[in-house]
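2 protein chains.
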Amino acid sequence: MSDPTYEFYWEDFTTGFVREFGPVTVEAAAIVDFARQFDPQPFHLSEEAGRASLFGGLAASGWHTASLTMRLMCDGIINKSASLGSPGLEGLKWLKPVLAGDQLRARMIVLGSRPMNSKPHVGLVHTRWETLNQRDELVMTIESWAMFRRRTPGTPPAA
Amino acid sequence: MSDPTYEFYWEDFTTGFVREFGPVTVEAAAIVDFARQFDPQPFHLSEEAGRASLFGGLAASGWHTASLTMRLMCDGIINKSASLGSPGLEGLKWLKPVLAGDQLRARMIVLGSRPMNSKPHVGLVHTRWETLNQRDELVMTIESWAMFRRRTPGTPPAA
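This is the structure we're talking about:
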């Protein structure tokens with residue numbers, strides 16, 4: 000089942016594995032474009048409404064911040080890995096507003112891993128994602144599980 | 000602080016409040032467009048790669064499903080309410096693939112609420128979101144807290 004074109008398989012994501020990706024600049028036009036499609040609340044649609052809100056400026060939808068983080072993860076590591084998707088998130092925190100002009104980086108930290116008993120060629124990886132701005136402030140954190148193809152199906156976990 | 004143009008304030012979201020919104024059809028072109036921007040994994044980019052994956056067809060990014068659900072929530076209730084954003088999610092499960100052509104509905108269920116002690120004009124609402132497809136299968140669930148302006152600042156919770 001192993002595909003030699005991937006750099007990372009399940010076995011490579013051992014506890015303590017850390018990588019950081021980005022930055023990407025969050026443009027005002029992209030904030031408004033995302034909000035018009037998916038989250039048309041006033042504080043995501045105009046600088047004026049953003050300034051009048053708890054956010055203090057034109058603020059990206061939390062789903063936009065998550066999606067931009069996903070893109071950084073795809074470009075940085077997921078598309079170099081034998082990724083098989085994710086069953087979900089254990090938690091997601093939007094800690095600070097992401098405002099127009101902010102520069103975001105994404106950090107992936109592996110918290111643990113285990114084989115998937117029902118599918119011998121698949122393993123699960125428990126990760127924490129951190130999204131940081133240009134002031135090194137955490138703007139979003141995620142804890143999730145992701146599925147990756149195993150380099151060697153059916154063997155015990157490398158960790 | 001009360002704005003008479005809103006239909007729903009914090010006090011209106013009492014435990015057991017349920018509403019359902021949609022449907023929206025998930026078009027193949029929209030799946031690919033979202034994936035190109037935010038989640039360019041092969042199974043989100045082509046029918047062929049989707050069929051070869053665990054998803055069994057061209058599958059929407061989980062972030063796309065969440066964003067589409069947010070849009071249903073905005074159109075159905077959030078933009079009729081004194082919404083102030085969300086501090087995060089307690090959990091999110093992607094339970095089934097969302098494939099091209101699927102029709103999604105979103106259900107909001109209020110699990111509980113409490114005032115925000117630090118801001119007397121703001122209250123928190125604990126909600127469960129369910130996203131269902133045209134076969135009434137749950138494809139995604141979310142548990143989260145959201146902030147809403149109070150109709151009457153500083154009074155005890157209505158519930």
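Sequences listed follow chains B and H, in order. Take 0 as the starting number for the first sequence in numbering that gives the first Met the number 0 and just add one per residue. Take 0 as the starting number for the second sequence in numbering that gives the first Met the number 0 and just add one per residue. Just so you know, even glycine gets a beta-carbon here, dropped at the ideal spot from N, CA and C.
Residue i classed as buried or exposed, judged by whether at least 16 other C-beta atoms fall within 10 angstroms
{"i": "B/N116", "result": "exposed"}
{"i": "B/L103", "result": "buried"}
{"i": "B/Q40", "result": "buried"}
{"i": "B/L137", "result": "exposed"}
{"i": "H/A28", "result": "exposed"}
{"i": "B/D135", "result": "exposed"}
{"i": "H/G100", "result": "exposed"}
{"i": "B/T94", "result": "Checking the sequence, you will find Leu at residue 94 of chain B rather than Thr. With fewer than 16 Cβ atoms within 10 Å of its Cβ, B/L94 is classed as exposed."}
{"i": "B/G153", "result": "exposed"}
{"i": "H/T4", "result": "exposed"}
{"i": "H/T130", "result": "buried"}
{"i": "H/R70", "result": "buried"}
CB contact check: residue i to chain B, cutoff 8 Å
{"i": "H/K95", "result": "no"}
{"i": "H/A65", "result": "yes"}
{"i": "H/G61", "result": "yes"}
{"i": "H/G84", "result": "yes"}
{"i": "H/K92", "result": "yes"}
{"i": "H/L98", "result": "no"}
{"i": "H/N78", "result": "yes"}
{"i": "H/L53", "result": "yes"}
Alpha-carbon spacing of residue i relative to residue j, whole angstroms
{"i": "B/R113", "j": "B/S52", "result": "43 Å"}
{"i": "H/A105", "j": "H/G111", "result": "19 Å"}
{"i": "H/F170", "j": "B/E10", "result": "Because chain H is modelled from 0 through 158, residue 170 of chain H falls outside the range shown and cannot be assessed."}
{"i": "H/V25", "j": "H/L57", "result": "11 Å"}
{"i": "H/H63", "j": "H/F33", "result": "7 Å"}
{"i": "B/M72", "j": "B/P22", "result": "11 Å"}
{"i": "B/L88", "j": "H/V121", "result": "27 Å"}
{"i": "H/V31", "j": "H/A48", "result": "12 Å"}
{"i": "B/P96", "j": "B/A59", "result": "7 Å"}
{"i": "H/H125", "j": "B/A65", "result": "21 Å"}
{"i": "H/N132", "j": "H/L83", "result": "29 Å"}
{"i": "H/S1", "j": "H/R150", "result": "Reliability of the predicted coordinates at H/S1 is poor, the pLDDT of 47 falling under 50, and the value obtained from them is presented with this limitation in mind. Approximately 6 Å between the Cα atoms of the pair."}
{"i": "B/F54", "j": "H/G61", "result": "26 Å"}
{"i": "H/L44", "j": "B/H43", "result": "28 Å"}
{"i": "H/A145", "j": "H/S85", "result": "4 Å"}
{"i": "H/D38", "j": "H/E46", "result": "15 Å"}
{"i": "H/S143", "j": "B/R35", "result": "22 Å"}
{"i": "H/F12", "j": "B/F12", "result": "43 Å"}
{"i": "H/L123", "j": "B/L123", "result": "34 Å"}
Which of helix, strand or coil DSSP assigns to residue i
{"i": "H/R150", "result": "coil"}
{"i": "H/K79", "result": "helix"}
{"i": "B/F42", "result": "helix"}
{"i": "B/V121", "result": "strand"}
{"i": "H/A34", "result": "helix"}
{"i": "H/L53", "result": "coil"}
{"i": "H/A99", "result": "coil"}
{"i": "H/M72", "result": "helix"}
{"i": "H/A59", "result": "coil"}
{"i": "B/E171", "result": "Nothing can be reported for residue 171 of chain B: it is not among the residues displayed for chain B, which extend from 0 to 158."}
{"i": "B/L67", "result": "helix"}
{"i": "B/E142", "result": "strand"}
{"i": "B/E6", "result": "coil"}
C-beta neighbour in chain H for residue i, strict 8 Å
{"i": "B/L44", "result": "no"}
{"i": "B/S112", "result": "no"}
{"i": "B/Q133", "result": "no"}
{"i": "B/Q40", "result": "yes"}
{"i": "B/I30", "result": "no"}
{"i": "B/E129", "result": "no"}
{"i": "B/M0", "result": "Only weak support exists for where B/M0 lies, its pLDDT of 46 falling under 50; the coordinates are left without a value."}
{"i": "B/M115", "result": "no"}
{"i": "B/F12", "result": "no"}
{"i": "B/M69", "result": "yes"}
{"i": "B/E19", "result": "no"}
{"i": "B/E47", "result": "no"}
Beta-carbon proximity list for residue i, same chain, < 6 Å, skipping 5 on both sides
{"i": "B/I108", "result": "V17 and R127"}
{"i": "B/I141", "result": "L88, L91 and W128"}
{"i": "B/P119", "result": "P152 and G153"}
Same chain, Cβ closer than 8 Å to residue i, five either side skipped, listed in chain order
{"i": "B/D74", "result": "F20"}
{"i": "H/F7", "result": "I76, K79, S80, A81 and F147"}
{"i": "H/T68", "result": "L103, A105, W128, T130, M139 and I141"}
{"i": "H/L98", "result": "V25, G49, F54, G55, G56, L57, A58 and A59"}
{"i": "H/T14", "result": "V109, L110, G111, S112 and A158"}
Neighbourhood of residue i by C-beta, 7 Å cutoff - its chain only, sequence neighbours within 5 removed
{"i": "B/R50", "result": "G56"}
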